[in-house]
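What follows is a short report on a single structure.
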Amino acid sequence: MSLATPPTLRVRSLSNHFDKTPVLRNVNFDLFNEETLAVLGESGCGKTTLLRILAGLIPFDAGTVELKGQSLNSVTPRDRGIVYLDQEALLFEHLTVYENIAFAMRMKRKSRQETDACVNEMLRSIDLIEHGRKRSWQLSGGQKQRVAFARAVLSYPQILLLDEPFCSLDGRNRNTMQLLFQDICKRYRITAIFVTHDLKEALLLGSRFALMSSGQLQIYESKHDFLSDRATGIPEEIKFWSSAANEANP
Amino acid sequence: MKFSSRCRSILLPFVFALVLAAYSYLIVLSLGSGWSFPSLLPDRFDYSPWKHFWADRDGLRIAALRSLGISLVVSAISTTFGLSAARSIRETRSRWGLYIAYLPFVMSPVVIGVCLFDLTIRLGIAGTVFGVIATQSMFATAFTTVFFSELWSPQVDRYEQLVTTLGGGRISVWCHAILPSIRGLVVVCVIETALFSWLDYGIVSIIGGGNVKSLTVHLFAYIREASVNQAAQSSLVLLFPAMVGMLLMIGLYVISVGQKSRTNSRLP
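Going down the list, the protein sequences come from chains L and E.
Throughout the first sequence, residue numbering follows numbering that gives the first Met the number 0, covering 0 to 249 in sequence.
Throughout the second sequence, residue numbering follows numbering that gives the first Met the number 0, covering 0 to 267 in sequence.
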């Protein structure tokens, strides 16, 4: 990404604490248009707190958050254009799959024709075209997650925040979702922050990388820096799999 | 057949028969006259109490409508305020609010009525329908606050936040996040509070001061003057919602048993 391009999201000196315990410490980063920032980190390091602050769901103590040059400090979650996708696929049980996906477009009072066209195209993209009339309880875990993701994408967010959305899926469904995420992000030109504790997922989905540890966020300038930093645990992982490969093929 | 289902198949008809026997007794009481010991049945059956009811000679029909109106208003007020109060208590994380809501349960409606009587006189609402509604609502809201206090779960919060970030306003949040999650409980709460108000005698007699003639006030007046026919008749009207509920339950039970037996007969 060219440094001359202004960032879509600019976060400066962001700090927060819960009950006197610091959760975020002086977080600084820029997020550029159509990039996916993969944030790696252990459980409880402050990843979810960061995303929820960006979505405006919880207040913060100090710092600034700017979206396209405008401060978000006093903007309500509804008007931010930032969608937060939870670990659990929160589908509306009283609505069908089609209505769930169309939800954000209906909230924004888009025309019926436009909504129909977009939702049907999305249903085809996520391979659920034949399930449009089903209710959420009739879907599998992977299908639910696809619907939640599709619903978030069709709100046409300025930024999509994904909080370990595939962590509850089995290996096969997880791979399918990762590929689907890559495809849809490219097609809908999504700018996203993807939080995960899975190294492979971070490497596969991220176009830039960051590591969160004890409330501090470290941004890596290149993939090489990310891969070679011992703090990410990747060098040990590579060493382990290399020795395993050597044992398998002596 | 499992022991529990065998028990149910014996116990349920027995319970229904007992309840139906009580209703039947009340019907006979409301119709019969000249019933003296040791006769098993009254000397004659007389439909005049029910004719009076439909002609509203004793004001019983108006009283029933008044009770219905009061119970619906009390139910609506207490459910709405209970939802908000329970949410505020949860947001402030103060247990004191909940302890205060429990207070009316420690006292009875009659004691509350006596405590609030002086206040209602000063406010000029003693002896009015408004005074009865206000006092009953106070008691019912305490119940709904406690009832809904465990309802506002993190799951409801997450749905609410989801609707907001997807661009929904307050109405959308209620329609898509809150009400679908709590629909069942709201229905139960509405029925509970409406029944409390419908069957209440303590508050309506103290605050109403004889001016608010509800169904229960009529019933107790008939009992006091030993008008057996009218007392039985007003009891039947008072128990009408419960009777409808029970008949619905029997109907649903019969349908479910019928469906089960049809399914079993289709199995190889």
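Each residue gets a CB set at the ideal place from its N, CA and C atoms; glycine is no exception.
These figures come from a predicted structure and were not determined experimentally.
For the pair Thr-7/L and Asn-27/L, the CB atoms are not nearer than the 8 Å cut-off.
Among the residues of the stretch 223-253 of chain E, none has a Cβ less than 7 Å away from any Cβ of chain L. If you ignore the 5 residues before and after Leu-214/E, its C-beta comes within less than 7 Å of the C-beta of Ala-62, Ala-63, Ser-66, Ser-233, Val-236 and Leu-237, all in its own chain and listed in chain order. Between Ala-225/E and Ser-148/E the beta-carbon gap is near 45 Å, outside 8 Å, which marks them as no contact. The beta carbon of Ser-171/E sits closer than 8 Å to those of Val-162, all from its chain and outside the five residues before and after it, given in chain order. In the same chain as Ala-201/L, and ignoring 5 residues on each side of it, the C-beta atoms closer than 7 Å to its own belong to Ala-37, Leu-39, Thr-195 and Phe-208, in chain order. At a Cβ-Cβ threshold of 8 Å, Glu-34/L and Ser-206/L count as neighbours.
By the criterion of at least three beta-carbon pairs nearer than 8 Å, the stretch 49-58 of chain L is not in contact with the stretch 232-241 of chain L. Taking Asp-55/E as the centre and dropping the five residues before and after it, the same chain places the C-beta of Ile-61 closer than 7 Å to its C-beta, in chain order.
In this model, Glu-129/L and Leu-71/E are separated by some 45 Å (Cα to Cα). Leu-218/E places its beta carbon less than 8 Å from that of Ala-230/E.
In the DSSP assignment, Glu-65/L falls outside any alpha helix (DSSP H) and lies within the beta strand (DSSP E) extending over 61-66. Within its own chain, the residues whose Cβ lies closer than 8 Å to the Cβ of Val-18/E, once the five positions on either side in sequence are excluded, are Met-245, listed in chain order. By the 16-neighbour rule on beta-carbons within 10 angstroms, Gln-217/L is buried.
Between Ala-149/L and Ala-88/L, the gap from beta carbon to beta carbon reaches 8 Å or more.
When the five nearest sequence neighbours on each side are left out, the beta carbons in the same chain lying within less than 7 Å of the beta carbon of Ile-249/E are those of Phe-15, in order along the chain. The beta carbon of Ser-154/L falls within 8 Å of a beta carbon belonging to chain E, placing the residue at that interface. Taken through DSSP and simplified to helix, strand or coil, Gly-123/E comes out as coil. A contact between stretches requires three or more CB pairs, one per stretch, nearer than 8 Å, and the stretch 75-84 of chain L fails this requirement with the stretch 129-141 of chain L. Asn-174/L has no beta-bridge partner at all, per DSSP. Near chain E, meaning a CB-to-CB distance below 8 Å, the residues of the stretch 89-107 of chain L are Leu-89, Phe-91, Glu-92, His-93, Leu-94, Phe-102, Ala-103, Met-106 and Lys-107. At least one CB atom of chain E sits nearer than 8 Å to the CB of Ala-54/L. Classified as buried, Arg-51/L has 16 or more neighbouring CB atoms from the shown chains inside 10 Å of its CB.
Assignment of Met-211/L by DSSP, reduced to helix, strand and coil, places it in the strand class. Each of Ala-247/L, Ser-212/L, Asn-25/L and His-16/L was checked against the Cα of Val-10/L, and the nearest Cα belongs to Asn-25/L. At a cut-off of 8 Å between beta-carbon atoms, Tyr-219/L makes no contact with chain E. Annotation note: the stretch 167-228 of chain E contains the following uninterrupted alpha helix (DSSP H) runs of length 4 or greater, listed N- to C-terminal: 178-198, 201-207 and 214-223. Judged by pairs of C-beta atoms under 8 Å, the stretch 110-120 of chain L does not touch the stretch 187-195 of chain E, as fewer than three such pairs exist. Taking 3 residues as the shortest admissible run, the stretch 39-126 of chain L contains the following complete beta strand (DSSP E) segments, listed from N- to C-terminal end: 61-66 and 81-84.
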